[in-house]
Structures are given as structure tokens and as C-alpha cells.
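Counting in our numbering, the sequence shown runs from 12 upward without gaps.
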Amino acid sequence: MFESLLVLGIVSLLALGLSSSVQSTFAAVEEQIFFMEFEELYRETQKRSLASQQKMNLMLEERSIGNGYQKLAIPKGIQLQSNQSITFDKAGGNSSLASVRFQTRKEVVRYQLYLGNGKIKRIQEAKN
12 MFESLLVLGI
22 VSLLALGLSS
32 SVQSTFAAVE
42 EQIFFMEFEE
52 LYRETQKRSL
62 ASQQKMNLML
72 EERSIGNGYQ
82 KLAIPKGIQL
92 QSNQSITFDK
102 AGGNSSLASV
112 RFQTRKEVVR
122 YQLYLGNGKI
132 KRIQEAKN
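Right under this line is the structure:
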């Protein structure tokens, strides 16, 4: 009886340990996928602006990012540091905002947005 309880306790501890590492791995993968999707939504909004020859806005809000056609949910483990709007001019260039910051559990991810040409650069900074 004692051996059974001991084995059950050890197995339970191992299962909890593995579960924790799986959850942290899943969260890290979810964060990377989100950032790739954000970059794609940025480029897609830029292309729509250029193709339609109209200004377009990419709205960055607390829990989602959208352009009126597509919406991207921000995962729970990521925080947008402030609600913002990126305006793309008729030529597809960013004419409004210089940077966007997200905070994850481990780091701050900053996007440098180059005004005029619409290019973006991801910069990852260790969290203090």
C-alpha cells in the first residue's frame, strides 16, 4: 500500500513537471506565431492601401489588431503597451507612427516602423 502511494506521488510530480514545461513551450510558440501574423497583417494592410489607392488604418487595441478586413487576437501572454493606429497613405507608406511595443513574459518586442517607405524591423529586448 505504501509503495503504491509513493509511486503515485512520484508519477504525479513528474506529470506536473512535464505539464509545466509543455505549457511554457506552447506559450513561446504562440508568441512567435502571433508576431509573424502581426507582421503579415501589417504588410497585407500596406498592400491593400496601395492597391486601392486609399488611406488605410491598422488599429492596435488592447486585445486585438485589425484593419477593417482582418482581425488578429492578441494572446493572453502578450501585452500591447498602448492602443495605437498606424495610417498607411495611398502609396502604402506608413505616415503616422514610428514604433509599436509589445511585452511578453520574457522580453519586450519593439517594432521600428520606418515612416514613408513602410518597412518594419523587429527588435527584441530583454525584460528588466
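Where a beta carbon is used, it is the ideal one built from N, C-alpha and C, also for glycine. Because the structure is a prediction, the values reported are computed rather than measured.
In the DSSP assignment, the residues bridged to A137 are E118.
Cα atoms of E136 and I21: separation of roughly 39 Å, rounded to the nearest angstrom. Secondary structure at M67: strand, using DSSP grouped into helix, strand and coil. Going by C-alpha positions, K66 is about 13 Å away from E55. The Cβ atoms of I134 and E50 do not sit closer than 8 Å to each other. Here DSSP, grouped into helix, strand and coil, assigns K58 to helix. Taken in chain order, the whole beta strand (DSSP E) runs of length 3 or more contained in the segment 68-102 are 75-77, 82-84, 95-99. Counting only residues of its own chain and dropping the five nearest sequence neighbours on each side, D100 has a CB closer than 8 Å to the CB of S60, K66, S106. Going by beta carbons, N68 and T98 fall inside the 8 Å limit.
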